[in-house]
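Taking it in order: structure first as structure tokens, then the write-up.
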Amino acid sequence: MLKGKLVKLRHQSFDDQAILAGFLNQEHVMELRSSELPRFSYKEDLEKKYKERFEKHDDNDYHLTIETLDGKVIGSIGVMFVFWKNGFAYMYQLIGDKEYVEGGYREEAIELFTEFSFLEGNVRKLKVSVQENDQRSLEAFKSCGYELEVTHKEDVLCHGKYLDVYELAIFKDQFIAKRAAQ
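Going by the working numbering, 105 is the number at position 108 of the sequence shown; the sequence numbering is gapless.
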């Protein structure tokens, strides 16, 4: 378990999945996600999907639950793809509980996860994609040292309008230098 001043990150459990899936079905979250993954609204479908994922165990992804210090699940963070040969991973983060979208919870989760990935996950670079309408996430990643690498113009359709998608990244040596300077 990784612990900060506001949040804890821990391995996801099967019991977390219904809460996390509930976050994915909220309108304020769905409009910020470019993924076309299906939204599961039935408990049986959720159980089947996550049981398969837990049984499969893939070395190219790992998922952690974000919770408050008192144990309330507020989101998730992880990597979906790790490219071991090239030393980089694509990460994601989600604060699904509206009560915690502000106040530094997202930033602390990103910091903790970035540190974990570089020191324990042995990657040299983390990448993340953020839609232009997700300013909170964009600012959170930038405040944690992530820098804009690529802008994918008009990449995602949202409410009848095509939005840009920003790809940000941070290198391990950048992160370590930033930490040493603090």
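Glycine is no exception: its CB is placed at the ideal position from the N, C-alpha and C atoms.
Exposed or buried, what is residue i when buried is set at 16 or more other beta-carbons lying within 10 Å of its beta-carbon?
| i | result |
| --- | --- |
| Leu160 | buried |
| Phe17 | Just to set this straight, residue 17 is Leu in the shown sequence, not Phe. Label assigned to Leu17: buried. |
| Ile173 | exposed |
| Lys95 | exposed |
| Glu33 | With a pLDDT of 48 at Glu33, under the threshold of 50, the predicted position of this residue should be treated as unreliable, though the coordinate-derived value follows. Under this definition Glu33 is an exposed residue. |
| Thr111 | buried |
| Glu108 | buried |
| Ala177 | exposed |
| His8 | exposed |
| Gln14 | buried |
| Thr182 | Any property of residue 182 remains undetermined from this structure, which presents the chain solely from -2 to 179. |
| Tyr39 | Bear in mind that a pLDDT of 47 at Tyr39, under 50, signals an unreliable position, so the number given afterwards is only what the model happens to contain. By the 10 Å Cβ count, Tyr39 comes out exposed. |
| Leu61 | buried |
| Asp12 | exposed |
| Ser10 | exposed |
| Glu49 | exposed |
| Asp170 | exposed |
| Gln179 | exposed |
Could you check if residue i belongs to the surroundings of the ligand PLP, using beta carbon to heavy atom distance under 8 angstroms?
| i | result |
| --- | --- |
| Phe115 | Summarising the ligand content, the structure contains no ligands, and the ligand PLP is consequently not present. |
Indicate whether residue i and residue j have their beta-carbon atoms separated by less than 9 angstroms.
| i | j | result |
| --- | --- | --- |
| Lys139 | Phe168 | no |
| Ser164 | Glu146 | The residue you asked about is not Ser; residue 164 is Glu in the sequence shown. Yes, Cβ-Cβ distance for Glu164 and Glu146 is below 9 angstroms. |
| Ser114 | Tyr89 | no |
| Gly93 | Gly19 | yes |
| Glu105 | Leu3 | yes |
| Gly181 | Val79 | As shown, the chain starts at -2 and ends at 179. That puts residue 181 outside it, with no answer to give. |
| Lys5 | Leu91 | no |
Looking at the unbroken beta strand (DSSP E) that takes in residue i, where does it start and where does it end?
| i | result |
| --- | --- |
| Gln9 | Element bounds for Gln9: n/a, residue is neither H nor E. |
| Leu91 | Phe85 to Ile92 |
| Leu165 | Lys158 to Phe168 |
Along the alpha helix (DSSP H) that carries residue i, what are the first and last residues, could you check?
| i | result |
| --- | --- |
| Leu109 | Tyr102 to Leu116 |
| Gln128 | Note, Gln128: premise wrong, no alpha helix (DSSP H); beta strand (DSSP E) at Lys122 to Gln128. |
| Glu146 | Unbroken run through Glu146 is the beta strand (DSSP E), Glu144 to Cys155; no alpha helix (DSSP H). |
Which residue wins for smallest C-alpha separation from residue i, given the options the options?
| i | options | result |
| --- | --- | --- |
| Gly142 | Lys124, Asp131 and Leu154 | Lys124 |
| Ser126 | Gly84, Phe11 and Glu144 | Glu144 |
| Glu136 | Lys82, Tyr102 and Gln179 | Tyr102 |
| Tyr87 | Val120, Gly1, Leu116 and Ile63 | Val120 |
| Leu116 | Lys150, Gly84 and Tyr97 | Gly84 |
| Trp81 | Lys150, Gln171, Gly157 and Asp58 | Asp58 |
| Arg133 | Lys158, Tyr97 and Glu151 | Tyr97 |
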